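Chains as they are written, first to last, in the working numbering: chain H, 1 to 339; chain F, 1001 to 1325.
Read the structure below first, then the notes.
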């Protein structure tokens, strides 16, 4: 009994301690979570400010920040005009979006006998996901892969079952390279897929591809690098076949940096430039324009400043592509908008 | 008996005591507590229906009853219909029952009637252990072990059938499918059927067995013609419990069903179920009609569970009347 009481008291103290420390609450995107988790830990160690983050998905981040239940949200896709309007009407202010790191989608496949990375054109990927290109030895694929012996088997398409930032990046790219995709399927975190099987999360899609012969799915670059999953090259706007890497993803962002809009809502899929990987994207933190509590306001602005300076040096170790310098400079100025 | 009646009768004269005392006396208090407990269940159920009903208002107003017949699920165009999920839930659950009922009832008969007690107890322990395995583990095993196995077995069956394959066995097979979901569900629900049916069979009075044996029935005749019919209601009950679990299963189905909201009619193609689509899409559905439609799927699932349970009760009623004749 005594031991039980002691345990209870200890538990209560832990709970109080946690409640006292968790000053800032945030939540959203799962893809940048390893990076955010590292940042929040480092930041707490250095500045003593605890930031609590619920990695529940971009949709969660957008919904909860609009409802005002968290202090900041995180999303793999920029808010749409409708979502901005909804935020304005519900919270009576605007929301600011800060890019933190970059992400990219890669085409992962399971094809026996193929060792070197396959080349994919935008037309080929759109055709495959539209269900118009059904065989691996389709002329479009053969043309892009001279000398590779492609089998005459059906392509099994694998995609995500739930809404996700990963899906948004993928279909945003398909929209840009294929008018037909844009007309028939469109753009969104989740779409009405013409063909394919689906799995929940990067791990399920990767697992499905691994298990199914002749399959092709899309997964996050970070996930592919960390789990050593082979993936193909994609043809960029300049006509080169580029394999996704931290450098080629940062290159995609650098191209966009020159004419970056003030709200940072920009799509960098199919971006022009040499060595650019075309299926790349920013991921954003969503911060309300006005923060009533001065302690919270200071904590959030301080964190953003730190993240853009010290934080950016930690990205490569976790296989995240860092922001181009021009974007960082512009964001530092934007922090002053938080009132 | 007589003495307890006397004490109750003897307690009556105190009935004139103050209201508080009367209320605090064991009987009324326990009655009140039990009543509140029973009402809580009703209140929670009513609150659940109310929440589902109000939260799905957006979707109900936009789609009306067409929601039940529409087979499109398009988050971009915000056009949602529940038909593929209703189909998936019903087909996977029925398939699971088709596999698990003969297996489960057979195993229960063996354990209750035929197996030596030691073996029976040991096996029952293991079966109940199987019932306690979390569904996400079953799903994982389903995805990593069962699906690759089916990937070998099904194509060879298809080769055997050749052009004679029935419509529900047609089309390409990639492992994850309605069939895989049904098989995984059957593994999940069989322990329920076995464990409850075994208890019911064991509860059949010994006199009945002895009477049948005395009349010259063999052991199997006694079991099949006397014991099982006597326990029929209980066995049915175990099957409906299992069905309820199959209808509502989320994770295990999500992992092996393929998550594709399409109607094909073939067991080999990928599909999706109502519980599975809610589990996989709910956290990421960013508000509005999308979220409301998912909640309406929940409402429909609730309705279908009630309908199937009602049908089950009617079935029990019908069969008991027959048995009474």
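Heads up, the beta-carbon is just placed ideally off N, CA and C, and yes, glycines get one too.
The model shown is predicted, which means the values in this text are computed figures rather than measured ones.
Over the uninterrupted alpha helix (DSSP H) stretch that includes residue i, give me the two end residues.
i	result
residue 1086 (chain F)	1083 to 1109
residue 136 (chain H)	Premise fails: residue 136 (chain H) is in no alpha helix (DSSP H) and is neither H nor E.
residue 1160 (chain F)	1147 to 1161
residue 1224 (chain F)	From DSSP, residue 1224 (chain F) is part of no alpha helix (DSSP H); its letter is neither H nor E.
residue 1212 (chain F)	1206 to 1214
residue 310 (chain H)	Run containing residue 310 (chain H): none; DSSP gives neither H nor E here.
residue 1117 (chain F)	1117 to 1131
residue 1178 (chain F)	1178 to 1202
residue 33 (chain H)	33 to 47
residue 330 (chain H)	325 to 334
residue 960 (chain F)	Since the displayed chain F opens at 1001 and closes at 1325, residue 960 (chain F) lies outside it and no answer follows.
Return the bridge partner residues of residue i from the DSSP annotation.
i	result
residue 1283 (chain F)	In the DSSP output, where bridge partners are listed per residue, residue 1283 (chain F) has none listed.
residue 218 (chain H)	H:107
residue 54 (chain H)	H:27
residue 1317 (chain F)	According to DSSP, residue 1317 (chain F) bridges with nothing at all.
residue 241 (chain H)	H:235
residue 280 (chain H)	H:104
residue 1074 (chain F)	F:1079
residue 96 (chain H)	H:287
residue 1271 (chain F)	F:1258
residue 120 (chain H)	H:234
Here's the rule: buried if 16 or more other CB atoms are within 10 angstroms of the residue's CB, otherwise exposed. What is residue i?
i	result
residue 1207 (chain F)	exposed
residue 22 (chain H)	Note that residue 22 (chain H) has pLDDT 49, beneath the 50 cutoff, so the model's placement of it is unreliable and the number below is only indicative. Under this definition residue 22 (chain H) is an exposed residue.
residue 1220 (chain F)	exposed
residue 1159 (chain F)	exposed
residue 183 (chain H)	exposed
residue 178 (chain H)	buried
residue 336 (chain H)	exposed
residue 1313 (chain F)	exposed
residue 1040 (chain F)	exposed
residue 145 (chain H)	buried
residue 1310 (chain F)	exposed
residue 1027 (chain F)	exposed
residue 1037 (chain F)	exposed
residue 1296 (chain F)	buried
residue 220 (chain H)	buried
residue 176 (chain H)	buried
residue 35 (chain H)	buried
residue 1146 (chain F)	buried
residue 129 (chain H)	buried
residue 163 (chain H)	buried
residue 41 (chain H)	exposed
Can you round the beta-carbon distance between residue i and residue j to whole angstroms, since I take them to be within the 8 Å contact cut?
i	j	result
residue 1276 (chain F)	residue 1253 (chain F)	4 Å
residue 43 (chain H)	residue 303 (chain H)	6 Å
residue 233 (chain H)	residue 139 (chain H)	Not quite, the Cβ-Cβ distance comes to about 19 Å (not below 8 Å), so this is no contact.
residue 202 (chain H)	residue 223 (chain H)	4 Å
residue 1237 (chain F)	residue 1196 (chain F)	7 Å
Relative to the alpha-carbon of residue i, which residue among the options has its alpha-carbon at the smallest distance?
i	options	result
residue 1057 (chain F)	F:1298, F:1121 and F:1307	F:1298
residue 346 (chain H)	H:155, H:242 and H:121	The first residue shown for chain H is 1 and the last is 339, placing residue 346 (chain H) beyond what the model contains.
residue 27 (chain H)	H:39, H:47 and H:74	H:74
residue 147 (chain H)	H:82, H:172 and H:113	H:113
residue 153 (chain H)	H:212, H:121, H:267 and H:115	H:212
residue 245 (chain H)	H:128, H:300 and H:281	H:281
residue 217 (chain H)	H:126, H:205 and H:292	H:205
residue 131 (chain H)	H:192, H:82 and H:111	H:192
residue 1157 (chain F)	F:1172, F:1144 and F:1233	F:1172
residue 1105 (chain F)	F:1209, F:1235, F:1273 and F:1288	F:1235
residue 1141 (chain F)	F:1184, F:1117 and F:1110	F:1184
residue 1117 (chain F)	F:1162, F:1151, F:1129 and F:1198	F:1198
residue 200 (chain H)	F:1283, F:1149 and F:1063	F:1283
residue 1074 (chain F)	F:1063, F:1046, F:1290 and F:1318	F:1290
residue 157 (chain H)	F:1308, F:1048 and F:1259	F:1259
residue 1179 (chain F)	F:1097, F:1306, F:1300 and F:1317	F:1097
residue 51 (chain H)	H:90, H:323 and H:296	H:296
residue 1166 (chain F)	F:1152, F:1265, F:1175 and F:1066	F:1265
residue 1250 (chain F)	F:1081, F:1281, F:1045 and F:1100	F:1281
residue 277 (chain H)	H:102, H:166, H:252 and H:214	H:252
Taking Cβ positions only, does residue i come closer than 8 Å to chain A?
i	result
residue 1073 (chain F)	This model lacks chain A altogether, as its protein chains are H and F.
Got a sec, what are the start and stop residues for the beta strand (DSSP E) residue i sits in?
i	result
residue 233 (chain H)	233 to 235
residue 229 (chain H)	Element bounds for residue 229 (chain H): n/a, residue is neither H nor E.
residue 73 (chain H)	72 to 75
residue 160 (chain H)	156 to 160
residue 197 (chain H)	197 to 199
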